[in-house]
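The sequence shown begins at 1 in our numbering and counts up one residue at a time. Remarks on the structure that follows.
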Amino acid sequence: MAVVLCPVYGTAASIVFVFSGTFGTFGDHLVRDIMLIIVSVISALALTYISLLLFTFLRREAHTTRQAADFEWHLLVPCLNEESVVAETVSAARTSFPTAHVWVIDDASDDRTGTIVRGLQDFDNHVHLITRVSPNARTGKGDALNAAYRQVGQFVGDNPHRRQHTIIGVLDADGYLSDNTLDLLAGPQAFGDEQTGGVQIEVWMKNRNDKRPRPLNGRWKNLVGKVLIRLQDIEFRTANSAMQLLRVKTGTVGMGGNGQFNRLSVLDHLAEVDGEPWGKKLSEDFELGLKILSLGYRTHYTRDAHVSQEALPYFRRLLTQRTRWAQGLLECASLLPRLRRAKVLNVAGLLELHFLMTQAWLSMINLLVIPILTILAIVDGGTWLWQSTSQLLTLFAAIIFLVLPYAMWGPLYRIRAGAKVGWLNSVGLGLLFLGYVYLTYVFYARAIGRMLTGRNAWAKTKRNADDLRQLDTTPLRIIPTAAPLLDRAVVQELAIELEGREEYAHELISTFAVIWPKRLANVQLATAAEDRDATWDAIASIRVAADMLGATRLAGTAAHLAKFVEAGDFEKLREALPTLEQLGADTVEEIRRDVVAAS
Numbered sequence: 001m002a003v004v005l006c007p008v009y010g011t012a013a014s015i016v017f018v019f020s021g022t023f024g025t026f027g028d029h030l031v032r033d034i035m036l037i038i039v040s041v042i043s044a045l046a047l048t049y050i051s052l053l054l055f056t057f058l059r060r061e062a063h064t065t066r067q068a069a070d071f072e073w074h075l076l077v078p079c080l081n082e083e084s085v086v087a088e089t090v091s092a093a094r095t096s097f098p099t100a101h102v103w104v105i106d107d108a109s110d111d112r113t114g115t116i117v118r119g120l121q122d123f124d125n126h127v128h129l130i131t132r133v134s135p136n137a138r139t140g141k142g143d144a145l146n147a148a149y150r151q152v153g154q155f156v157g158d159n160p161h162r163r164q165h166t167i168i169g170v171l172d173a174d175g176y177l178s179d180n181t182l183d184l185l186a187g188p189q190a191f192g193d194e195q196t197g198g199v200q201i202e203v204w205m206k207n208r209n210d211k212r213p214r215p216l217n218g219r220w221k222n223l224v225g226k227v228l229i230r231l232q233d234i235e236f237r238t239a240n241s242a243m244q245l246l247r248v249k250t251g252t253v254g255m256g257g258n259g260q261f262n263r264l265s266v267l268d269h270l271a272e273v274d275g276e277p278w279g280k281k282l283s284e285d286f287e288l289g290l291k292i293l294s295l296g297y298r299t300h301y302t303r304d305a306h307v308s309q310e311a312l313p314y315f316r317r318l319l320t321q322r323t324r325w326a327q328g329l330l331e332c333a334s335l336l337p338r339l340r341r342a343k344v345l346n347v348a349g350l351l352e353l354h355f356l357m358t359q360a361w362l363s364m365i366n367l368l369v370i371p372i373l374t375i376l377a378i379v380d381g382g383t384w385l386w387q388s389t390s391q392l393l394t395l396f397a398a399i400i401f402l403v404l405p406y407a408m409w410g411p412l413y414r415i416r417a418g419a420k421v422g423w424l425n426s427v428g429l430g431l432l433f434l435g436y437v438y439l440t441y442v443f444y445a446r447a448i449g450r451m452l453t454g455r456n457a458w459a460k461t462k463r464n465a466d467d468l469r470q471l472d473t474t475p476l477r478i479i480p481t482a483a484p485l486l487d488r489a490v491v492q493e494l495a496i497e498l499e500g501r502e503e504y505a506h507e508l509i510s511t512f513a514v515i516w517p518k519r520l521a522n523v524q525l526a527t528a529a530e531d532r533d534a535t536w537d538a539i540a541s542i543r544v545a546a547d548m549l550g551a552t553r554l555a556g557t558a559a560h561l562a563k564f565v566e567a568g569d570f571e572k573l574r575e576a577l578p579t580l581e582q583l584g585a586d587t588v589e590e591i592r593r594d595v596v597a598a599s
């Protein structure tokens, strides 16, 4: 298809830019002629690529699930000062996937990250903590993942069959996996194929419905924050997803930093070749995927499972994050010779990767050439825009070239990604997404500048939840503090109901402690979105579980919060959430003292 589309788009671009006369008469000035040809070629390549993305994205290919129990699952969570999110991430993973092991890598955090994870370990032997200390810590995410790889390798043992059927997943500290993830990854399109070395799943923004993503700011800055979050959700669930689906066809699927899964035996092979699986590039995830391909293994992508993460509502943080990603991608160009020598990719795969790696440079050429051509046309032609209908039509065609390929992702976000937005909103979001896409010119320019000047050190991106800690919130006394945190009589009755086995009751109560951070996060997310049904369900889940275990004070608080939901008073509910959070923490500590200590 590309062989047909590229000449067609090339001809159209030549008519618009070279032969229309809008940007000057071709043949008058050699330098301008060269610039016009360059713009035409770049436009043809870009439109061909975008058309391929569109055709691929509109196809629907379902994936088959199998039993996750066919494999052993280990989830790695690299952490540096993640006290605000790590508990809910571990809790979500252990709640959704009871057989999976979660390995938190504390990379010399200054906060309570390690303490929080050790607290969860009191209740769950599938939660592991890897503590890195200076001078061997904070040397890059790749090094942290390599440390975890060695620990997991020791845990799994040397049995080749077991290592072949052990899958290592990587989650950001704020990442939630969809409940179908492991069953889908066990399917024949993924790790059910013995040749598959790595699989990446789709990425969603979990705070996409947040009504007040910038709690320290006013209405307008929150509006900007909401738009930025939604545009990031569009980016990952449409354009980025389409790129990965196209790479499924070309055999060049890339690994991402969140929601990547790799076969342990393939990581072993990489360790034999390179010393360690993960490298030191800023995009160590993408680097890993390229190295997996170079060994002849297959990488795959699926939209049918997803990982949710925080989107950034602050432009400055987004700029920093994306510049880092762009610089990491540029660094990975050094692996292209290795892939060419390996001779494992077909022509389509090599072309796709080389086009991807040159996008930054092509963008910079456009950024320089198009303004120069426009200025020259104005200087030479005076009122050139209005001289003829043909030139107006040419200008309109040029705008279509620049607008439609990017604005279409807004409606596709509604149609194909299933986002709950109206038609008018989807069109408006598409137009906003156009501006968002053109921000890549800024990202690439900064990334190239940093790379050329030898700067590759980056500060960690601040979590949105860290801002909430700056709010002046006073816990509300919703019910009398005389109510017990944990009613021992209820615990004893529970043991009687469970065949008189007190250890069964202890296990059930310990499970409550593990699930608590995720239950709290469900309430927080639903409240932030002001979703009455979701908030009601999340609070009801806490109330029912607390009642069953005899957590009387927590159950009473949840019942009181339900009244705010019923009244639609989300402002009071937000004010009351610190009380719920503190009571939950106190209840878990009570469980730790009475249940864990006694077992």
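Idealized CB from N, CA, C, for every residue including glycine. If you're wondering where the values come from, they're calculated on a predicted model, not measured in any experiment.
So which of the options has the shortest CA-CA distance to residue i?
i: C315; options: I372, L264, A457, K221; result: Reading off the sequence, residue 315 comes out as Phe, not Cys. Out of I372, L264, A457, K221, K221 has the C-alpha closest to the C-alpha of F315.
i: A87; options: L367, A551, A465, K249; result: A465
i: A540; options: A483, Q327, H560, I229; result: H560
i: R455; options: R446, Y49, G259, E530; result: R446
i: E235; options: R59, H74, G27, Y438; result: Y438
i: Q492; options: S308, D594, T461, G428; result: D594
i: K249; options: M35, Q121, M1, T511; result: M1
i: A62; options: A190, A239, P371, R212; result: A190
i: V18; options: R138, P135, A44; result: A44
i: A538; options: T552, N522, D531, G550; result: N522
i: T535; options: T252, D210, L429; result: D210
i: G612; options: E202, R237, D193; result: Outside the shown range of the chain, which is 1 to 599, sits residue 612, and nothing can be said about it.
i: N346; options: L362, G296, W361; result: G296
In this structure, how does DSSP classify residue i when only helix, strand and coil are distinguished?
i: Q260; result: strand
i: M548; result: helix
i: W384; result: In this prediction, W384 has a pLDDT of 49, which is less than 50 and means its spatial position is unreliable; what the coordinates show is noted afterwards. DSSP places W384 in helix when its eight states are reduced to three.
i: R59; result: coil
i: V421; result: coil
i: V133; result: coil
i: W458; result: coil
i: G198; result: strand
i: E493; result: helix
i: H101; result: strand
i: W409; result: helix
i: V77; result: strand
i: E530; result: coil
i: M205; result: strand
i: Q189; result: coil
i: G275; result: coil
i: G27; result: coil
i: T579; result: helix
i: G169; result: strand
i: V307; result: strand
i: T302; result: strand
Taking the C-alpha atoms as reference points, what is the distance between residue i and residue j?
i: L402; j: A144; result: 42 Å
i: L614; j: R324; result: This structure does not reach residue 614, given that the chain is present from 1 up to 599, and the question cannot be answered.
i: G275; j: H269; result: 9 Å
i: D70; j: M243; result: 30 Å
i: D33; j: M357; result: 26 Å
i: A46; j: E352; result: 12 Å
i: L264; j: V442; result: 38 Å
i: G435; j: A567; result: 39 Å
i: T461; j: H29; result: 48 Å
i: T22; j: L246; result: 35 Å
i: P78; j: Q232; result: 22 Å
i: V39; j: P337; result: 28 Å
i: N240; j: Y406; result: 12 Å
i: G192; j: T65; result: 9 Å
i: K420; j: V156; result: 43 Å
i: A551; j: P484; result: 7 Å
i: L120; j: A68; result: 24 Å
i: W384; j: F26; result: Confidence is the limiting factor: at W384 the pLDDT is only 49, short of 50, which leaves the residue's position unreliable, though a coordinate-based value still follows. For W384 and F26, the distance between alpha carbons rounds to 16 Å.
i: V266; j: E272; result: 10 Å
Under 8 Å by Cβ, that's how I've got residue i and residue j pegged, so tell me the actual separation to the nearest angstrom.
i: G198; j: G279; result: That pair is no contact at about 14 Å.
i: L412; j: F123; result: Actually they are not in contact, since the Cβ atoms of L412 and F123 sit about 44 Å apart, beyond 8 Å.
i: L329; j: S363; result: At roughly 12 Å, the Cβ-Cβ gap does not stay under 8 Å, so L329 and S363 are not in contact.
Taking 8 Å as the cut-off, does the region 302-311 touch the region 168-185 (at least 3 CB pairs, one atom from each stretch)? Yes: at least three Cβ pairs fall under 8 Å.
Quick test of the definition: if touching needs 3 or more C-beta pairs under 8 Å, does the region 125-145 touch the region 102-110? yes
Report yes or no: do three or more beta-carbon pairs, one from the region 110-126 and one from the region 542-552, lie closer than 8 Å? no
Within 8 Å, do at least three Cβ pairs link the region 567-585 to the region 516-534? The region 516-534, when compared against the region 567-585, does touch it at the 8 Å Cβ threshold.
With three or more beta-carbon pairs closer than 8 Å as the criterion, would you say the region 516-525 touches the region 81-98? yes
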